[in-house]
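Worksheet: the structure to be examined is printed underneath.
Here's what the structure looks like:
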């Protein structure tokens, strides 16, 4: 009998990626909003006691966090793997969870998360009754490629009344793969955060730091999956302001240099102001030891939603 994809001779095992977001967390701070962090707890086989496995980053001043850090775990098909997600408001630099305010918890199994793919449920033991947790679970495909990219923006919208915008960008992937950027599925898609950049303070022409992303986590190794690219103005006290959105796959960006014409990219409610995107990508696994093929594509997006490109090679 043929073996299912992702399963090896060692047993029925698959690697999965778990993303966590929360809505309407309790506000535990008097002068600002909570600074939440999520902790993954798991029960080792044959035991009843939870042990800490991993933690997300701490997000400042938000009751509706979308955590960037992913929990990557092995899913054993024949085991009952109990998991618990615990939320804390981080009040100090202490690594002891007992030193921080508890915001709620949610218990499940890896098997249930894999089968449902997206779970939205109330947080148990939360100081606020309507707090919820949103968990997405995606099986990862084996892919060694890494996307190395650096993004910069030009003439971004000025969203702050007394100063310049404080922009950052996010990359999100759909829970169910979408490969057609003109499809109405994009508007119905449920998105999970892949990457969030640092904030560049008071700058309408920002250059963000270079970053590396595994294609297995960015698009499950499928370069044709449409990704959502958002540019956002960070605000300390108020809700962050949306600057612009466009949709493009890794393949779209890599393929653009081969075409001499620009392509219209659909945007959401706001026009996309001029941006420049530079991606430096190992386009396939190394052709020899330490010899990956590297590409660099420079794209410029104008306020009509088009992007032009230039092609560079190392």
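Numbering (UniProt numbering), first residue to last: 1 to 314. Every residue, glycine too, gets a C-beta built ideally from N, C-alpha and C.
Are the CB atoms of residue i and residue j nearer to each other than 9 Å?
i           : j           : result
residue 171 : residue 186 : no
residue 219 : residue 182 : no
residue 81  : residue 43  : yes
residue 140 : residue 14  : yes
residue 211 : residue 231 : no
residue 53  : residue 37  : no
residue 22  : residue 87  : yes
residue 151 : residue 243 : no
residue 173 : residue 228 : yes
residue 168 : residue 208 : yes
residue 166 : residue 235 : yes
Quick one: what's got a C-beta closer than 7 Å to residue i's C-beta in the same chain, skipping five residues either side?
i           : result
residue 143 : 215, 216, 221
residue 120 : 132, 134
residue 35  : 58, 59, 60, 61, 89, 90
residue 124 : 104, 105, 106
residue 164 : 158, 202, 203, 204
residue 74  : 13, 15
residue 56  : 20, 37, 38, 67, 69
residue 45  : 79
Apart from the five residues just before and just after residue i, which ones in its own chain have a Cβ nearer than 6 Å to its Cβ?
i           : result
residue 19  : 70, 136, 192
residue 241 : 159, 233
residue 252 : none
residue 50  : 41, 43, 84
So what does DSSP say about residue i, is it helix, strand or coil?
i           : result
residue 255 : helix
residue 27  : coil
residue 185 : helix
residue 190 : coil
residue 163 : coil
residue 215 : helix
residue 18  : strand
residue 63  : coil
residue 239 : coil
residue 250 : helix
residue 291 : Residue confidence is low: residue 291 scores 37 on pLDDT, short of 50, so the model does not pin down where it sits. Its coordinate-derived value is still stated next. Three-state DSSP puts residue 291 in coil, outside helix and strand.
residue 110 : helix
residue 116 : helix
residue 97  : helix
residue 90  : coil
residue 172 : strand
residue 12  : coil
residue 146 : strand
residue 76  : strand
residue 221 : coil
residue 139 : strand
residue 52  : strand
residue 232 : strand
residue 47  : coil
residue 82  : strand
residue 196 : strand
residue 122 : strand
residue 226 : coil
residue 39  : strand
residue 105 : strand
residue 156 : coil
residue 204 : coil
Taking the alpha-carbon of residue i as reference, which of the options has the nearest alpha-carbon?
i           : options            : result
residue 16  : 155, 226, 168, 118 : 118
residue 64  : 27, 247, 145, 124  : 27
residue 176 : 51, 226, 94, 122   : 226
residue 330 : 254, 114, 30       : This structure does not reach residue 330, given that the chain is present from 1 up to 314, and the question cannot be answered.
residue 238 : 95, 32, 184        : 32
residue 153 : 45, 122, 206, 93   : 206
residue 114 : 122, 92, 138       : 138
Spatial neighbours of residue i within its chain, please: CB distance less than 8 Å, with the 5 preceding and 5 following residues excluded, ordered by chain position.
i           : result
residue 12  : 4, 76, 77, 78
residue 162 : none
residue 190 : 118, 136, 174, 175, 176
residue 24  : 63, 64, 128, 130, 131, 132
residue 94  : 100
Under 8 Å: does the beta carbon of residue i sit that close to some heavy atom of the ligand GTP?
i           : result
residue 206 : Within the structure as shown, the ligand GTP is missing, as the structure has no ligands at all.
(message) Counting beta carbon pairs with one atom in the stretch 47-60 and one in the stretch 110-127, are three or more of them shorter than 8 Å?
(response) no
(message) Taking 8 Å as the cut-off, does the stretch 61-80 touch the stretch 193-204 (at least 3 CB pairs, one atom from each stretch)?
(response) yes
(request) Determine, using beta-carbon pairs with one atom in the stretch 199-215 and one in the stretch 121-137, whether at least three such pairs fall under 8 Å. (result) Result no; under three Cβ-Cβ pairs closer than 8 Å.
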